[in-house]
Structures are given as structure tokens and as C-alpha cells.
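Asks:
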Amino acid sequence: MKKLNIGLIGYGFMGRAHANAFRKVSNFFDLDYEPVLKAVCARDEGKVKAFARRWGFETHETDWRKLLERKDIDLVDIACPNDMHRDIAIAAAKAGKMILCEKPLSMNGPEGLKMVQAVEKAGVPNMVWYNYRRVPAVTLAKQLIDEGRLGRIFHYRAKFLQDWTISKELPQGGAGLWRLDVKVAGSGVTGDLLAHCIDTALWLNGSMDKVTAMTETFVKERKHNLSGKVEKVGIDDACAFLARFKNGALATFESTRYARGHKALYTFEINGEHASIFWDLHDLHRLQYFDHGDEGRVRGWRSVHVTDGDQPYMDKWWVPGLQIGYEHSFVHQVADFLQALGKGKSASPTFRDALETQYVCDAVLKSAKTGRWEKVATANAKKAA
Ligand code: SOE
93 MKKLNIGLIG YGFMGRAHAN AFRKVSNFFD LDYEPVLKAV CARDEGKVKA FARRWGFETH
153 ETDWRKLLER KDIDLVDIAC PNDMHRDIAI AAAKAGKMIL CEKPLSMNGP EGLKMVQAVE
213 KAGVPNMVWY NYRRVPAVTL AKQLIDEGRL GRIFHYRAKF LQDWTISKEL PQGGAGLWRL
273 DVKVAGSGVT GDLLAHCIDT ALWLNGSMDK VTAMTETFVK ERKHNLSGKV EKVGIDDACA
333 FLARFKNGAL ATFESTRYAR GHKALYTFEI NGEHASIFWD LHDLHRLQYF DHGDEGRVRG
393 WRSVHVTDGD QPYMDKWWVP GLQIGYEHSF VHQVADFLQA LGKGKSASPT FRDALETQYV
453 CDAVLKSAKT GRWEKVATAN AKKAA
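First residue of the sequence shown: 93, per this note's numbering; consecutive thereafter.
1) So, with DSSP's three-state summary, where would you put Arg394?
2) Identify which residue in Phe246, Val132, Glu137, Tyr224 has its Cα closest to the Cα of His420.
3) Just checking my contact of Ile362 with His247 at CB under 8 Å: how many whole Å lie between their CB atoms?
4) Who are the near neighbours of Val117 in its chain, counting only those whose CB is closer than 8 Å to its CB and skipping five residues on each side?
5) Could you tell me which residues DSSP puts in a beta bridge with Phe370?
6) Between Leu232, Ile98, Arg162, Ala469, which has its C-alpha nearest Ser395's C-alpha?
7) For the pair the stretch 192–203 and the stretch 215–223, tell me if three or more CB-CB distances fall below 8 Å.
8) Quick one: give me the first and last residue of the alpha helix (DSSP H) that Asp238 is part of.
9) What are the boundary residues of the beta strand (DSSP E) that includes Cys331?
10) Under the criterion of a Cβ to heavy atom distance below 7 Å, does Asp273 qualify as lining the ligand GTP?
11) Whose C-alpha, out of Pro202, Leu253, Gly265, His288, is nearest the C-alpha of Pro196?
12) Smallest Cα separation from Pro263: which of Glu313, Val303, Ile237, Tyr222?
13) Please list, in chain order, all residues of the same chain as Leu379 whose beta carbon is under 7 Å from its beta carbon, the five residues on each side excluded.
14) Apart from the five residues just before and just after Gly201, which ones in its own chain have a Cβ nearer than 6 Å to its Cβ?
15) Looking only at its own chain, which residues have a Cβ that is under 7 Å from the Cβ of Asp164, when we skip the five neighbours before and after it?
16) For a quick check, are the C-beta atoms of Ile101 and Ala171 less than 8 Å apart?
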């Protein structure tokens with residue numbers, strides 16, 4: 093196995109999820125490349141050192157530019173807040189590094205386009221961590237759709253509901269709470285949560301044509317952790333939008349951080365001519381499937397426990413019936429990236445694939461302002477043709 097030296101930037105929630113994936117992948121998957129945890133980078137020396145020790149990184153850095161200068165780093169993994177993605181990715185591409193980037197790709201479409209141009213000009217392998225594609229039940233949904241089992245798709249319905257920002261006392265900004273600070277996050281639930289729903293939807297059901305949206309910011313001011321002052325809240329706390337897919341399907345999407353009782357309720361339902369699919373992140377190893385072709389007397393929704401060896405990724409884990417969880421979706425994504433790398437191919441979603449999600453987010457946020465239907469820009473002319 094060839095060694096692939098990883099330089100991880102960021103040690104928050106996503107830094108941990110990615111580090112865990114790099115550590116585990118070679119234990120479970122047969123690949124041409126083996127990730128080596130070479131360096132982790134973050135500003136706080138004490139904390140980054142402790143993170144390196146805990147997760148087994150050989151070295152640490154406190155300046156991402158230094159990390160990019162290092163000859164012993166093959167792949168840069170961007171797991172820091174959204175406002176840093178662009179500069180790091182463009183510099184890493186110029187330095188000839190492979191790049192993995194946490195979602196969303198960028199703060200907005202134009203920024204994302206610059207990142208796409210940089211990686212494509214440099215010809216470096218790249219991928220964005222939209223991990224839910226690699227939940228086995230979601231991958232199974234993709235297989236069923238691609239096999240034509242649903243037939244023509246009429247409806248796509250997705251939600252991502254949380255409730256952690258309801259308190260007015262919750263500040264914005266700084267570690268953990270940068271998601272509430274528009275200058276760092278770019279947007280609220282649209283870029284953070286709906287981006288997941290959009291990525292999955294584009295993957296399962298193709299490109300969107302146009303959208304019409306509404307957003308709301310329920311708490312208008314919050315204390316900022318860095319300035320210590322009460323500042324205007326610039327993010328969308330909630331967003332709902334309608335979409336028309338290019339294949340003619342109608343869609344509804346909803347996300348909020350104000351749905352009391354829901355922690356990370358990502359669900360989607362797809363209704364086709366012959367069959368329907370429903371998936372729920374809180375029950376992530378199950379795929380609900382209704383097939384109209386079943387014999388009438390026993391026809392009904394099946395709850396498929398996606399844990400058997402002939403179901404996506406599951407032959408790599410335990411014995412049939414034993415389920416896996418959230419973190420495994422990241423392991424699968426690294427495995428797919430390394431497998432593709434071994435074959436000289438790219439694994440999706442590439443930066444360009446993720447740009448399409450960014451363009452949908454831009455159209456959604458624009459529509460929420462204009463009150464009109466907005467056309468989604470084309471990110472991939474080849475795919476659209
Ligand atoms: C927000 O709470 C968040 O952590 C997102 O940033 C992640 O992308 C999502 O998977 C879970 O929720």
C-alpha cells in the first residue's frame with residue numbers, strides 16, 4: 093500500500109469525524125493507498141497538540157500556510173469554518189496538494205467557482221464531504237433509483253430539523269457557534285443543513301431548474317462571543333423552498349433550528365410511478381420502500397434493515413444484522429476517494445459537483461429576498477447537456 097500523508101486543518105466536530113475516518117479506513121477496506129496522519133493544524137497550540145496526541149497525528153502546525161509548504165503532505169483536508177475554505181483550497185491547489193473540503197464547499201457560488209477553477213487548473217484530486225450519500229441505506233436508495241425501480245419520479249420531499257438555537261441567550265460566533273455568524277458561515281440553515289438535502293437530492297434525482305423560497309431569522313440579535321457586543325444576526329434560522337427538477341419532479345425542502353424536539357431529523361421521501369422511498373437519519377440503517385409491483389395482498393411499506401453483505405458497504409463491517417452508524421459514512425467516503433485515486437479517477441461529490449449545491453443555495457437565498465422564482469445556475473455544463 094502506498095502511504096498518503098494527510099494534513100488536517102481544523103479540530104472541531106468535523107476534524108474529529110475526518111480523523112476517525114482516516115484512522116479506520118485501512119482496517120476495513122482493501123485499498124491501494126493508506127492514509128497517514130502526518131499533521132494537524134489549528135491556531136491554538138495547546139489544543140492542537142492535545143488533539144494530535146489523542147488522534148495519533150505525528151506533528152502539528154499552527155499556521156495553515158506552513159502546512160501547505162510542507163513537502164511531506166500529500167493531501168490537505170479542510171475541516172475548519174466556511175470562511176476559510178476558499179483561501180486554503182486555492183493555495184493548496186497551487187501547492188499541488190490533493191484536497192478534501194468539508195461541506196458546504198464555500199460561502200457562496202462565486203467563491204465556489206474560484207475553488208473549482210483552482211483545483212481543475214492544478215489537476216489535483218478533490219472531493220467535498222457530503223457524507224450522507226455514503227450511509228448504506230442512502231446508497232441503496234441511489235441503486236434502486238438508478239435501476240429504474242421507481243420509474244418516473246414525481247415528488248421529492250426533504251427536511252432537516254434541529255432545535256438547538258431557540259434560546260435567545262445563545263451567543264453567536266467563536267468555536268462551535270460560528271454557524272450562527274453570517275460572516276463566517278455564509279448563511280444559516282440553507283448552507284449548513286439544506287446543503288446536505290440538496291446534495292443528496294441532486295445525486296438521487298438530477299439537477300434542479302428553479303426554486304422559490306422563504307427564510308426567517310427568529311432571533312434578530314445575539315451577543316457575539318468575539319466582540320462581546322450584541323450584534324445583528326445575519327443568518328437564516330429557518331428556510332423552506334419549493335423546487336422544480338429538470339426531470340419534471342416537484343420538490344419541497346424545509347430546514348430550521350427551531351423545531352423543538354428535533355435534533356438532526358434529516359428525512360427524505362421520493363415518490364415514483366412504481367415505487368416510493370423514505371429515509372430518516374434518526375433510523376439511518378433502515379430504508380423504507382414501497383413497491384407497487386408487489387402482490388396486492390401483501391403490498392405495503394417494507395422497512396429494509398440495510399445490514400446485509402450484499403447491501404452497500406456492509407460486507408466491509410460485521411456480520412449480517414449488525415448495524416453501523418454516522419461515523420461510518422465518513423469512513424466510506426474516504427474509502428471511495430482512495431479507491432478512485434488508485435484507479436486514477438475522481439470520487440463524487442467533486443468540488444464541481446458541490447458547486448451545483450452552492451448554486452441551488454444561492455438561488456434559494458436570492459428568491460427569499462426577491463419573493464420570486466429564481467433559476468439555478470449551471471455548475472456542470474457537461475452534466476446538464
Ligand atoms: C449542524 O448542527 C450540523 O452539525 C451540520 O453542520 C452538519 O453538517 C450536519 O451533518 C449535522 O448538523
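Cβ atoms here follow ideal geometry from the backbone N, Cα and C, with glycine treated the same way.
Replies: With the structure as the only source:
1) Indexing the sequence shown from 1 puts residue 394 at position 302. Strand at Arg394.
2) The residue given as residue 420 occupies position 328 in the sequence shown. The shortest Cα separation from His420 among Phe246, Val132, Glu137, Tyr224 belongs to Tyr224.
3) Taking the first residue of the sequence shown as 1, we reach residue 362 at position 270. Taking the first residue of the sequence shown as 1, we reach residue 247 at position 155. Sure, about 7 Å apart at Cβ, within 8 Å.
4) Sequence index remark: in the sequence shown, residue 117 carries index 25 (1-based). Here the set comprises Leu123, Pro127, Val423, Val426, Ala427, Leu430.
5) Taking the sequence shown and counting its residues from 1, the one referred to as residue 370 is at position 278. DSSP lists Glu361, Gln380 as partners of Phe370.
6) The sequence position of residue 395 within the sequence shown is 303, counting from 1. That would be Leu232, whose Cα lies nearest to the Cα of Ser395.
7) yes
8) As a position in the sequence shown, residue 238 is number 146, starting the count at 1. 228–238 is the extent of the alpha helix (DSSP H) around Asp238.
9) Here residue 331 corresponds to residue number 239 of the sequence shown, with the count starting at 1. Element bounds for Cys331: 330–337.
10) Of the ligands one can find in the structure shown, namely the ligand SOE, none is the ligand GTP.
11) Your numbering for residue 196 matches position 104 in the sequence shown. Nearest C-alpha to Pro196: His288.
12) Start at 1 with the first residue of the sequence shown, and residue 263 comes out as number 171. With distances taken between Cα atoms, Pro263 lies closest to Glu313.
13) Numbered from 1 along the sequence shown, position 287 holds the residue referred to as residue 379. Around Leu379: Ala229, Leu232, Ala233, Ile369, Trp371, Val396, Val398.
14) As a working note, residue 201 is residue 109 in the sequence shown. These residues qualify, in order along the chain: Gln450, Tyr451, Asp454.
15) Taking the first residue of the sequence shown as position 1, residue 164 is located at position 72. Excluding residues within five positions, the ones whose Cβ falls inside 7 Å are Asn97, Lys130.
16) For the purposes of this step, residue 101 is identified with residue 9 of the sequence shown, where counting begins at 1. For the purposes of this step, residue 171 is identified with residue 79 of the sequence shown, where counting begins at 1. Yes, they are a contact pair.
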